[in-house]
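Notes for the one structure printed next.
Number of protein chains: 2
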Amino acid sequence: MRTWKVGELAKQTGLTVRTLHHYDQIGLLSPSHRTAAGHRLYGEVDVGRLQQIVSLRSLGFALDDVRAVLRDGMAPLEVVRMHAARLREQIHAQQRLADRLDRVAAGLEHAHRVSPDELIHTIEEITRMEQYYTPEQMEYLNQRREIVGEARIREVEAEWPRLMDEVRAEMQAGTDPADPRVQELARRWMGLLAEFTGGDPGIARSASAVWENETEVQGINAAEMREIMGYIGRAKAAGSAS
Amino acid sequence: MRTWKVGELAKQTGLTVRTLHHYDQIGLLSPSHRTAAGHRLYGEVDVGRLQQIVSLRSLGFALDDVRAVLRDGMAPLEVVRMHAARLREQIHAQQRLADRLDRVAAGLEHAHRVSPDELIHTIEEITRMEQYYTPEQMEYLNQRREIVGEARIREVEAEWPRLMDEVRAEMQAGTDPADPRVQELARRWMGLLAEFTGGDPGIARSASAVWENETEVQGINAAEMREIMGYIGRAKAAGSAS
DNA sequence: CTTGCACCTGACGTAGCGTGAGGGTTTAGC
DNA sequence: GCTAAACCCTCACGCTACGTCAGGTGCAAG
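For the protein sequence lines, the chains are G and U, in the order given.
The numbering used here numbers the first residue of the first sequence as 351 and each following residue consecutively.
The numbering used here numbers the first residue of the second sequence as 351 and each following residue consecutively.
Dropping the structure here:
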């Protein structure tokens, strides 16, 4: 009947001596024998049990669970299933987190200076976004980002303020929404909007909900935005009525 | 200038009082004031900083990282990216783990009695499998499982031993591999094999590698399996030569 | 006999708080 | 003005699964 000392066993299993000490300490695996000097001697039964422990650990079980399974063999199938389910939940949570991180990174990308304030602001904006869009919609928006490409996105984002300026100018000049110049602006407006929503009406609704409930988004005053959107709305109505 | 006490602040932010104590203790957020009795009084600046902390924590940053980012604003973009990358690695590792768990659960499903030994054995078998099949192949096999359905899988698994018995009988009887009966057995053999591999030659190679390197798989002696496979191979050769 | 290696037993550190214990403070109601 | 409830304070241990010293013993080779 062969025996092994901690060091040998550690080398064979890839565990550390400390780990074996630990298992001994918590009573998960205590060697059957000791030398007169107190050195641990593991017998074949011990090695077998250690293999089982390693196997269960490789499935991510906590040491207490390992002990429980080895002790009363508690319905392993159910245990494994529950473990898998918990793990998948965790994975989903982390997946969402990773998506957030990506969005934040994307939001920071074209902000040239990145002060802490900027970072916080971006995070909070993303957080707010998540309240208006469902996960599916976020997914959809992400896919669209990839499809249209970063370059075009930057173009569009640069285009918005210019367009808003022009609309604001006409609005303040009191130009009739039916005026051809305003009609042209409305067409450009709807084009940009369509590029964002991808034609999805759900996205469009969510986006307008943002402007209705927030006071400021991405540095743009929401009240003014609502005004402008109203003006554009009238222009559209006038355009389709004619 | 308003101030808040810990309890109020905790209620507003959804954190616990203990958490705020902790942040104070580690010097991450210490209230600007205290009452004469020593009660914490947070000012507006403190609340702002707390918001930043909460934001960064919501991205999964460790408290030390939060401190670092707030202190020297260290290139947040890079930090966020690295964080996301690490997170995705973790996710992949956990994904693999979850897949293992599913496979183990599947392996246990049609083992009626589930002793600890059974469990360990299944785990070890799965572990060995993973050495022979690439992750892509595992993925492929999983998809095939879903497509053909559990019922058919159980049928096939029940069919193998019967077929092996028949082949073994002919082999021991010394039947010529060219014999029509053996030819029929060979056809059935190839059919079952094709159901497992799905026609993928890579899978077939990996599967045969298993039998070449192991001594026993799922209770079947590998040496005998190699013998039988040789016999089937000769039958195939005889069949195609004719 | 010494050198070097393997082994031993504590015991602290880790991340981010949870959860008491034991004892003051504030505040609303009477 | 008093009392009880609610709130606050400071320790300090607990949790996971070991890593990492520190200080000392055992054992085989030269």
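Even for Gly, the Cβ is constructed at its ideal location relative to N, Cα and C.
Just so you know, these numbers come straight off a predicted model, no measurement behind them.
Query, Result
"Between Glu564(G) and Ala572(G), how many whole angstroms is the CB-CB distance? I'm expecting something under 8 Å.", "5 Å"
"What are the boundary residues of the alpha helix (DSSP H) that Glu509(U) is part of?", "Glu500 to Gln522"
"Output needed in chain order: residues of the region 422-434 of chain G with a Cβ under 8 Å from some Cβ in chain U.", "Gly423, Ala425, Pro426, Leu427, Val430, Arg431, His433 and Ala434"
"Counting C-beta neighbours from all protein chains within 10 Å, is the total for Ala559(G) 16 or more, i.e. buried, or is it exposed?", "exposed"
"Taking the C-alpha atoms as reference points, what is the distance between Val506(G) and Gln568(G)?", "14 Å"
"Going by the CB atoms, is the gap between Ile376(G) and Leu413(G) shorter than 8 Å?", "yes"
"Consult DSSP for Glu564(U) and reduce its assignment to one of helix, strand or coil.", "coil"
"Let me know if Ile497(U) comes out buried or exposed under the rule of 16 or more other beta-carbons within 10 Å of its beta-carbon.", "exposed"
"Note the first and the last residue of the continuous alpha helix (DSSP H) segment covering Gln539(U).", "Looking at the sequence shown, residue 539(U) is not Gln but Trp. Per DSSP, Trp539(U) belongs to the alpha helix (DSSP H) from Pro530 to Thr547."
"Given Val397(U), which residues of its chain have a CB within under 8 Å of its CB, disregarding the five upstream and five downstream residues?", "Trp354 and Leu359"
"Using only alpha-carbon positions, find the residue among Pro530(G), Ala536(G), Asp415(G) and Glu439(G) that is nearest to Val429(G).", "Asp415(G)"
"I want to verify the contact list: residues of chain U whose CB lies under 9 Å from the CB of Ile362(G), in sequence order.", "Per the sequence shown, the amino acid found at residue 362(G) is Gln instead of Ile. Those within 9 Å of Gln362(G) in chain U number zero; the least Cβ separation is about 15 Å."
"Between the region 465-479 of chain U and chain G, which residues of the former have a C-beta closer than 8 Å to a C-beta of the latter?", "Ser465, Pro466, Glu468, Leu469, Ile470, Ile473, Glu474 and Thr477"
"Give the DSSP bridge partners of Leu391(U), in chain order.", "His383(U)"
"With three or more beta-carbon pairs closer than 8 Å as the criterion, would you say the region 382-391 of chain U touches the region 447-456 of chain G?", "no"
"Is Pro511(U) buried or exposed, if buried means 16 or more other CB atoms sit within 10 Å of its CB?", "exposed"
"Are the CB atoms of Gly552(U) and Gln487(U) within a distance shorter than 8 Å?", "yes"
"Chain G partners of Gly569(U), CB-CB under 9 Å?", "Within 9 Å Cβ-Cβ: nothing; Gly569(U) doesn't reach chain G, min ~18 Å."
"By the 7 Å beta-carbon criterion, what residues does the region 478-495 of chain U contribute toward chain G?", "none"
"Which value, in whole angstroms, describes the spacing of the CA atoms of Pro426(G) and Glu439(U)?", "28 Å"
"By the DSSP assignment, the alpha helix (DSSP H) with Lys355(G) in it spans what residues?", "Neither: Lys355(G) is in no alpha helix (DSSP H) and is coded neither H nor E."
"With a threshold of 8 Å on Cβ separation, who are the neighbours of Ala508(U) within its own chain once the five nearest residues in sequence on each side are excluded?", "none"
"Between Val532(U) and Ile578(U), is the Cβ-Cβ spacing less than 8 Å?", "no"
"Is Ile376(U) helix, strand or coil by DSSP?", "coil"
"Determine which residues of the region 381-405 of chain U have a Cβ less than 8 Å from any Cβ of chain G, and write them out in chain order.", "Gln401, Gln402 and Ser405"
"Measuring only between beta-carbons, confirm whether Ile594(U) sits less than 8 Å from chain G.", "This structure cannot speak to residue 594(U), because chain U is shown only from 351 to 592."
"What residue from Asp515(G), Gly410(G), Ala418(G) and Leu447(G) has the CA that sits closest to Ala434(G)'s CA?", "Gly410(G)"
"Going along chain G, which residues have a C-beta under 8 Å from Asp452(U)?", "Ala434"
"Three or more C-beta pairs under 8 Å: does that hold for the region 582-592 of chain G against the region 531-547 of chain G?", "yes"
"For Met540(U), which residues from the same chain have a beta carbon less than 6 Å from its beta carbon, with the 5 sequence-adjacent residues on both sides left out?", "none"
"Since Glu566(G) and Ser405(U) should fall inside the 8 Å C-beta cutoff, what is the C-beta to C-beta distance between them, to a whole number of angstroms?", "Their Cβ separation, rounded to whole angstroms, is 17 Å, which puts Glu566(G) and Ser405(U) out of contact at 8 Å."
"For Val395(U), collect the residues of the same chain with a Cβ closer than 8 Å to its Cβ; drop the 5 residues on either side in sequence, then sort them by chain order.", "Ser382"
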